[in-house]
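Presented below is the structure to which this report refers.
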Amino acid sequence: MSERAFVAGAGMTKFDKPGARPVTYPELVAEAVSGALADAGLSYTQVQRAAVGYVFQPSAAGQRALYDVGLTGIPVINVNNNCATGSTALMLASEWVRSGLADVTLAVGFEQMTKSAMQGNTGAAVTTVDHHLAVLKRTRGWSDAPMTAQFFGHAATEHMQRFGTTVEQLAAVAVKNHEHSVRNPLAQFQNRYTLQEVLNDKPVFGPLTRSQCSPISDGAAAVVVVSERFARAHQLQGRAVEIVAQTLVTDTPASFGSESMIDVVGAPMTRAAVAQVLDASAVTIDDIDVIELHDCFSINEIITYEAMGLCAEGDGGKFAESGATTFGGRWVVNPSGGLISKGHPLGATGLAQCTELTWQLRGEAGARQVPGARLALAHNLGLGGACAVTMYRAPSVTTEEGKAHAR
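Residue 380 in full-length UniProt numbering sits at position 380 of the sequence shown, and the numbers go up by one each step.
In structure tokens form, the structure reads like this:
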């Protein structure tokens, strides 16, 4: 691969409680794609390939999702990689550009979710998380709680037992991310929570309460990816955010051999993916300014701090309550509100992370802008298993240009 790939345009819908808006999934996609194209100053007729990600919609929904945007005959690839679907679609779009197969590609993710879809069919002969369930059932047993809540709830309990992490430290993650989402008009939730309100919220499983868990959500996000030569030919360099490095890893024996729920829920994948991207980018974690990570539950943000190298293993709880991951701290993590508060429409999540970081690196994030952000990291995790990590670099954009486009 010799071409460099850039995000030239990004757009997303507001993330909402399912049914809050009477719209179809093609309407959600059209809104996100139209926003991304307008942001790039391009038309759909210029797009040469599209990758469309979703988890719960019917087969070949990607084509139907885009037909109302345009009928141009381009290849449309449908992508499903559980919660890492959006970032996987982005990886396809960027690899088409890097390989020289296309100069303009589109990555789209969307979801309209239901509670029943999230329950999972754990009684089936084969499921996508057989290996994960085997460890869970053998070592912790099984309950009637939602499957993912059991995985991460047990991981939280294990972290508390091994490292002394407290319920207050788990809740601090949710307090921070709900505070961040107050500044994000596209977030599903936009209310502050005190530490006590998080702790007193409805119990879900183990030490996790409702406001520490990502909700089911409807929404869509899209980005336009272009080659360097296209960006130069169309004077897009001043707003084009470079995709410096990307990787996608899946489970290895490390996820299951220790019978640790922290490993089962993806810590080894995160460690491997982050290390690969940092090495390919020739930077360290200390060089990063802003991070969007997969906080599907509060404990996963703590686990990811450690796996990324933001702090030492076992120190994630103390780190969460230290203020190091909010405005004025060492890094700003999940300025969008993260999955916990921005929402988590599975297929859209990775591309919403890309959209947020594109705006951050252009200086267009408005009230939640991270001052001077130049390097950003996105982490998108899917059990069953996939972990996508992406490094982004800011364009050469002036402060005044950024203010002119502030959101």
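Cβ coordinates follow ideal geometry from the N, Cα and C atoms, glycine included.
Per DSSP, the bridge partner or partners of residue i
i              : result
threonine 209  : Pro203
glutamate 111  : Gly219
glutamine 276  : Per DSSP, none; premise fails for glutamine 276.
alanine 307    : Per DSSP, none; premise fails for alanine 307.
serine 227     : Ala5
threonine 105  : Arg49, Val225
leucine 248    : Ala388
isoleucine 243 : Ala5, Tyr392
glycine 11     : Ala222
isoleucine 291 : Val333, Leu377
aspartate 16   : Asp218
Residue i versus residue j - alpha carbon distance
i                : j                 : result
valine 225       : valine 241        : 9 Å
histidine 379    : cysteine 387      : 7 Å
aspartate 103    : tryptophan 96     : 8 Å
glutamine 63     : glycine 19        : 23 Å
alanine 149      : valine 204        : 7 Å
tyrosine 392     : threonine 325     : 19 Å
leucine 90       : glycine 309       : 25 Å
serine 181       : phenylalanine 189 : 7 Å
alanine 367      : aspartate 16      : 21 Å
phenylalanine 56 : proline 215       : 15 Å
glycine 109      : alanine 280       : 26 Å
valine 7         : alanine 394       : 10 Å
cysteine 213     : alanine 5         : 34 Å
glutamate 301    : histidine 154     : 15 Å
glycine 329      : glutamate 158     : 27 Å
cysteine 296     : valine 33         : 25 Å
proline 185      : leucine 293       : 19 Å
glutamate 313    : tyrosine 44       : 46 Å
residue 408      : leucine 37        : The requested residue 408 does not occur in the structure, where the chain is confined to residues 1 to 407.
glycine 402      : glutamine 196     : Because glycine 402 sits at a pLDDT of 42, beneath the cut-off of 50, its placement in the model cannot be relied upon, and the following sentence gives the value as read from the coordinates. The straight-line gap from Cα to Cα measures roughly 38 Å.
glutamate 357    : leucine 339       : At residue 357 the sequence reads leucine, which differs from the glutamate that was named. The alpha-carbon atoms of leucine 357 and leucine 339 are separated by roughly 14 Å.
alanine 30       : aspartate 144     : 38 Å
alanine 404      : leucine 133       : The predicted model places alanine 404 with a pLDDT of 42, which falls under 50 and marks its position as unreliable; any figure quoted below should be read in that light. Cα to Cα, alanine 404 sits roughly 50 Å from leucine 133.
glutamine 112    : tyrosine 25       : 7 Å
serine 94        : leucine 71        : 22 Å
glutamine 161    : serine 2          : 48 Å
alanine 254      : alanine 273       : 14 Å
tyrosine 193     : leucine 199       : 10 Å
serine 298       : asparagine 334    : 12 Å
glutamine 46     : isoleucine 243    : 20 Å
valine 389       : glycine 350       : 10 Å
Close Cβ partners of residue i (< 6 Å) along its chain, the five nearest in sequence each way excluded
i             : result
valine 290    : Val332, Gln360, Val370, Ala373, Ala376
residue 410   : The displayed coordinates of the chain run from 1 to 407. Any statement about residue 410 would go beyond what the structure contains.
threonine 399 : Bear in mind that the predicted position of threonine 399 carries a pLDDT of just 38, short of 50, making it too unreliable to give a figure here.
cysteine 311  : Tyr305, Phe319
leucine 28    : Thr13, Phe110, Ala220
residue 408   : A query on residue 408 cannot be resolved here, the shown segment of the chain reaching from 1 to 407 and no further.
glycine 337   : Asn177, His180, Ser181, Asn184, Ala187
alanine 348   : Gly86, Gly109, Phe110, Glu111, Gly219, Ala220, Ala221
Segment limits, alpha helix (DSSP H) that includes residue i
i                 : result
phenylalanine 319 : 316-320
threonine 355     : 349-362
leucine 92        : 85-98
glutamate 313     : It is not in any alpha helix (DSSP H) - glutamate 313 carries neither H nor E in the DSSP assignment.
isoleucine 77     : Careful: isoleucine 77 lies outside any alpha helix (DSSP H), inside the beta strand (DSSP E) at 76-79.
isoleucine 262    : 261-264
valine 129        : Unbroken run through valine 129: none, as it is neither H nor E.
glycine 338       : 338-342
Span of the beta strand (DSSP E) around residue i
i                 : result
tyrosine 392      : 386-393
histidine 379     : 375-382
phenylalanine 297 : Taken as a continuous stretch (DSSP letters only), phenylalanine 297 belongs to no beta strand (DSSP E), as it is neither H nor E.
valine 175        : First-last for valine 175: 167-181, but that is the alpha helix (DSSP H), not the beta strand (DSSP E).
glutamate 158     : Premise fails: glutamate 158 lies in the alpha helix (DSSP H), 147-163, not in any beta strand (DSSP E).
isoleucine 285    : Where isoleucine 285 is concerned, there is no enclosing beta strand (DSSP E), given that its DSSP letter is neither H nor E.
Cβ-based neighbour list, residue i, same chain, cut-off 7 Å, excluding 5 preceding and 5 following
i             : result
aspartate 39  : Gly9, Ala10, Gly11
residue 409   : For the chain, the structure presents residues 1 to 407; residue 409 sits outside this window and is missing.
threonine 252 : Pro268
glutamine 48  : Ile74, Ala102, Asp103, Val104, Thr105
valine 79     : Ala51, Val52, Gly53, Thr85, Thr88, Ala89, Leu92
proline 58    : none
residue 408   : There is no way to answer for residue 408, as the model of the chain reaches only from 1 to 407.
Cutoff 8 Å; reference residue i; Cβ partners in own chain excluding five residues on either side
i             : result
residue 432   : Any property of residue 432 remains undetermined from this structure, which presents the chain solely from 1 to 407.
alanine 406   : Summary for alanine 406: the model assigns pLDDT 43, below 50, so the residue's position carries little reliability, and this model does not support an answer.
residue 414   : In the structure as shown, the chain starts at 1 and stops at 407, and residue 414 therefore has no counterpart that could be examined.
arginine 138  : Glu259
alanine 60    : Asn78
threonine 114 : Pro18, Phe56, Ile216
Closer than 8 Å to chain C by CB, residue i
i             : result
histidine 132 : Although the question refers to chain C, the structure presented lacks it and comprises just one protein chain.
**Item:** Those runs of the alpha helix (DSSP H) which lie wholly inside the segment 33-72 and span at least 4 residues
**Value:** As far as the segment 33-72 is concerned, its whole alpha helix (DSSP H) runs of at least 4 residues are 61-67.
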